[in-house]
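The block underneath contains the structure these notes are about, expressed in structure tokens.
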Ligand SMILES: [Zn+2]
């Protein structure tokens, strides 16, 4: 039996193997097929290293075939890459994965370099966000970022992990339980992405380092004065929407796009809106067009070109405000000089 990539990319590998035969073939394209038996071996290797939950088939297909197309389920920008842009994506992917690799470690009892299956998720995400800002990628690498992916909760806590995932600014390090890399990839449309959220915090930390500042200020690295001013002005408008809701306990005009969680600090605002920019760009652009434009100008491309919105955040947040739930305190400090 033959299983086309588009049908199985999001399937949980363990569940898929339970209903397929080892001799079945998974077809990425006409010249690239992998047997289920080979994919089962790849999963076993991952399971042995401690990754046990929810591995999507797309990942196993990548590790087995190295076909770029297999990563498009995780990074849909790949469907749009042509010519020089495609070369740039591939160049940076190889650069960060192989030539001057960033520190992506797997933590179990000891710390080891993470296997390809985990490294490709981190590097693919970085390159997909910044394919049109290679200067940001180049600067990012110079700040010595690290990603420590933990086999389980115990290892996570041992290295200082708190909550469901975190960015440790003093170490410039993202800590995450490894299988959370796959958390939002259990349906045809990718959903929550803890890596993108923590990457937002890490970009804030990158900016702090590049500017040799003491505190993170909720800005992105290598923003021009125009980028920064557009971002802060649009952020101020969004915060005002939230403030109106907080004052009146009711929606005035429109509800903010983000959950009250993101209005707690400048860092959470950046991380929360950064994740939504990639996950629900169409709803983002309709609701907060100025803020959306500021981010497209900064990353120098528009994710609406290749993204089908995940509705979870947008609908959940809209429902929160529509119910008139009590707002959370906010501690966002907008730079008045903008
Ligand atoms: Zn956060």
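In the working numbering, the protein residues as written are 1 to 338.
The beta-carbon is built from N, C-alpha and C at its ideal position, and this holds for glycine as well.
With 16 or more other CB atoms across the displayed protein chains lying within 10 angstroms of its CB, residue 51 is buried. Residue 180 and residue 212 have their alpha carbons spaced roughly 32 Å apart. By the Cβ neighbour-count rule, residue 325 is exposed, with fewer than 16 other Cβ atoms within 10 Å of its own. Bounds of the alpha helix (DSSP H) holding residue 8 are 5 to 8. In this structure, 251 is the residue among 91, 247, 251 with its C-alpha nearest to the C-alpha of residue 323.
When DSSP states are grouped into helix, strand and coil, residue 21 belongs to the coil group. Annotation for residue 268 indicates a beta carbon within 6 Å of some heavy atom of ligand 1. Distance from residue 185 to residue 301 at the Cβ level is roughly 22 Å; contact not present, criterion being Cβ atoms closer than 8 Å. Bounds of the alpha helix (DSSP H) holding residue 123 are 116 to 130. Here the C-alpha atom of residue 123 lies approximately 22 Å from the C-alpha atom of residue 159. Scanning 29, 108, 14 for the CA closest to the CA of residue 72 turns up 29. Residue state for residue 112 is assigned as strand, using DSSP reduced to three classes.
Just measuring C-alpha positions, the residue of 108, 91, 147 sitting nearest residue 138 is 91. Here the alpha carbons of residue 194 and residue 220 stand approximately 18 Å from one another. Cβ neighbours of residue 200 within its own chain (closer than 6 Å, five residues either side excluded): 270, 271, 274. Judged by their CB atoms, residue 149 and residue 119 are not nearer to each other than the 7 Å cut-off. In this structure, the CA atom of residue 287 is about 24 Å from the CA atom of residue 128. The C-alpha of residue 305 is placed about 29 Å away from the C-alpha of residue 320.
In the three-state scheme derived from DSSP, where H, G and I count as helix and E and B as strand, residue 35 is classed as strand. Relative to ligand 1, residue 285 has its C-beta separated by 6 Å or more from all heavy atoms.
With 16 or more other CB atoms across the displayed protein chains lying within 10 angstroms of its CB, residue 130 is buried. A direct Cα-Cα distance of roughly 17 Å separates residue 63 from residue 6. Set against 6 Å, the gap from the CB of residue 271 to the closest heavy atom of ligand 1 is smaller. Taken atom to atom, the span from the alpha-carbon of residue 147 to that of residue 121 is near 11 Å. Taking a C-beta distance under 7 Å as the contact criterion, residue 68 and residue 136 do not qualify as a contact pair.
No Cβ-Cβ contact shorter than 7 Å links residue 21 with residue 2. Under the three-state reduction of DSSP output, residue 29 falls in the strand class.
For residue 62, the enclosing alpha helix (DSSP H) begins and ends at 57 to 65.
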